[in-house]
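Taking it in order: structure first as structure tokens, then the write-up.
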Amino acid sequence: MASIQDIQNEIVEEFAMFDDWMDRYEYMIDLGKSVPVIDEQYKTEDNIIKGCQSKVWVHADLEEDKVKFSADSDAIITKGIIAILIRAWSGQKPADIIAADTAFIDQIGLKEHLSPTRANGLVSMIKQLKMYAVAYQSQLS
């Protein structure tokens with residue numbers, strides 16, 4: 001399994017291939033289609049990320065000491081954003097997710113190309129995924 005850092009570098013390189021932000025948005029929308037889709041039973045109020053203007057549901061399971069995320073959103077760009085985070089962090093150990101740097105988000109220029117409400121939503125998504133990791137880490141230790 002590739003490390004979080006390796007996957008994040010890969011994502012940065014992929015985004016660097018596009019000169020134009022419209023192409024990057026298209027790419028994000030494509031990534032959103034590949035997100036592990038959350039089971040309908042987890043599409044509950046409890047799993048909605050607070051602070052997002054669109055609805056984003058995230059669920060996490062612990063499998064063999066690794067956190068597996070699934071998600072869905074009613075907005076295609078938002079689904080792309082959560083897909084990027086899930087790709088970087090799903091299948092990793094909780095401690096590694098907690099320690100993970102989010103500088104790669106800035107490197108792809110995501111924050112400055114999102115509306116303020118979407119940028120806040122991104123911060124909320126990061127917090128939520130890390131909170132799941134913290135909860136699972138406490139179960140493991």
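For the sequence shown, full-length UniProt numbering gives the first residue as 1, with consecutive numbering after it. Beta carbons are placed, not taken as given, at the ideal position from N, Cα and C, and that holds for glycine.
In this structure, does DSSP put residue i in helix, strand or coil?
i: V35; result: coil
i: S138; result: helix
i: A133; result: helix
Would you say residue i and residue j are within 8 Å of each other, going by their C-beta atoms?
i: G51; j: S124; result: yes
i: I98; j: A135; result: no
i: K79; j: G121; result: no
i: Q128; j: I4; result: no
i: S138; j: A83; result: no
i: A60; j: K68; result: yes
i: I38; j: F104; result: no
i: I7; j: R87; result: yes
i: I49; j: L85; result: no
i: S70; j: P36; result: yes
i: Y25; j: I77; result: yes
Which term fits residue i, buried or exposed, when burial requires 16 or more other beta carbons within 10 angstroms of its beta carbon?
i: D72; result: buried
i: M28; result: buried
i: L140; result: exposed
i: W21; result: exposed
i: Q53; result: exposed
i: Q41; result: exposed
i: A2; result: exposed
i: A16; result: exposed
Quiz item: Taking the runs of the beta strand (DSSP E) that are 3 residues or longer, which of them lie wholly in the UniProt domain "Fe-S metabolism associated" (12-131)?
Solution: 56-63, 66-73
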